[in-house]
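Asks:
Numbering (our numbering), first residue to last: 1 to 268.
#1: Excluding the five sequence neighbours on either side, which residues of its own chain have a C-beta within less than 7 Å of the C-beta of residue 18, listed in chain order?
#2: Within this structure, are the beta carbons of residue 125 and residue 75 separated by less than 9 Å?
#3: Are the beta-carbon atoms of residue 29 and residue 112 separated by less than 9 Å?
#4: Indicate the three-state DSSP secondary structure (helix, strand or coil) for residue 254 in the structure shown.
#5: How many angstroms separate the CA atom of residue 51 from the CA atom of residue 33?
#6: Where residue 245 and residue 205 are concerned, what is the direct C-alpha to C-alpha distance, given to the nearest angstrom?
#7: Quick check: residue 91 and residue 135, are their CB atoms within less than 9 Å of each other?
#8: Using DSSP with H/G/I as helix, E/B as strand and the rest coil, what is residue 72?
#9: Less than 6 Å between C-beta atoms, sequence neighbours within five positions excluded: which residues of the same chain meet that for residue 186?
#10: Hey, quick one: how far does the beta strand (DSSP E) through residue 231 stretch, first residue to last?
#11: Express the C-alpha separation of residue 16 and residue 140 in angstroms, rounding to a whole number.
#12: Can you give me the C-alpha to C-alpha distance between residue 197 and residue 80, rounded to a whole angstrom?
#13: Return the first residue and the last residue of the beta strand (DSSP E) that residue 278 is part of.
#14: Taking all protein chains shown into account, decide if residue 251 is buried (16 or more other Cβ within 10 angstroms of its Cβ) or exposed.
#15: What is the C-beta distance between residue 159 and residue 56, in whole angstroms, given that I count them as a contact (C-beta under 8 Å)?
#16: Quick check: the Cα distance between residue 72 and residue 129, rounded to an integer number of angstroms?
#17: Ordered along the chain, which non-local residues of its own chain (more than five positions away) have a Cβ less than 6 Å from that of residue 109?
#18: Under a three-way DSSP split, which group does residue 186 fall into?
#19: Give every residue of the same chain whose Cβ lies closer than 8 Å to the Cβ of residue 42, excluding the five residues on either side of it in the sequence, and list them in chain order.
#20: Which of helix, strand or coil does DSSP assign to residue 200?
#21: Do you know how far the Cα of residue 240 is from the Cα of residue 24?
#22: Pick helix, strand or coil for residue 52, following the three-state DSSP scheme.
#23: Work out the CA separation of residue 228 and residue 66 for me, nearest whole Å.
#24: For residue 104 and residue 166, I'd like the C-alpha separation in whole angstroms.
#25: Return the Cβ separation of residue 138 and residue 174 in integer angstroms, given the expectation that the two are a contact with Cβ distance under 8 Å.
In structure tokens:
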């Protein structure tokens, strides 16, 4: 099921746009307001933000006359192609997410949860494209995830909740949807109070309706311990509309295997 919508002109916002001299590309993506103006030989960038709760469904992209004033940053590029591409990518750390209510998964049961995480935008200018900078669509706070201060990893604290049904996810075009399948093959109950989603290991896909998706992640607990097998689907997701791969994983997903999943991926 798709959860986003196209921008004006039936063109996903991540496709390359021509930004001629004296004009500015304006992108409104959820809580992010981004303006990129062309004043040769420079690009002028302004970044604004709104509270996410007030701006979840905002999605608009247009090129207009004038330059951003004031602007936050200036980048020099003599390339005369005047092309900008905003490439969505997933976060550079795992994101810790809480289910809407605490979940207890009995032995030999499984559950699929649907999670959404905010994407980053790579600002690529010229031809061939040059990376100017990377901008988070939503700024997340840091959090430590692990059983102790000596064991664990630095993550982002996600401002979202896991949902049991895809239909329960609100329309948020700045977020990517990840299905998470959890199988508890042990005899004991598995408490799921926090979920650390390893988004740097996932690829990002864009659908024809401008919704964003990742592959499915599967976690299998085989015994009554904190060890679990974690895997990422090799195939692309199927949101029911045409889809394309936008970005590969930031980190090699082959590191997945038998891991201390409930001290790395789950905690209380």
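From the three backbone atoms N, C-alpha and C, an ideal C-beta is built for every residue, glycine too.
In this text, all values refer to a predicted model and were calculated from it rather than measured experimentally.
Replies: A quick look at the data gives this:
#1: 82, 83
#2: yes
#3: no
#4: helix
#5: 11 Å
#6: 4 Å
#7: no
#8: coil
#9: 107, 221, 223, 224
#10: 228-232
#11: 27 Å
#12: 41 Å
#13: Residue 278 falls outside the range modelled here, since the chain spans only 1 to 268, and no answer is possible.
#14: exposed
#15: No, residue 159 and residue 56 are not in contact; Cβ-Cβ is about 11 Å, not under 8 Å.
#16: 21 Å
#17: 184
#18: coil
#19: 74, 75, 76, 77
#20: helix
#21: 34 Å
#22: helix
#23: 55 Å
#24: 20 Å
#25: 7 Å
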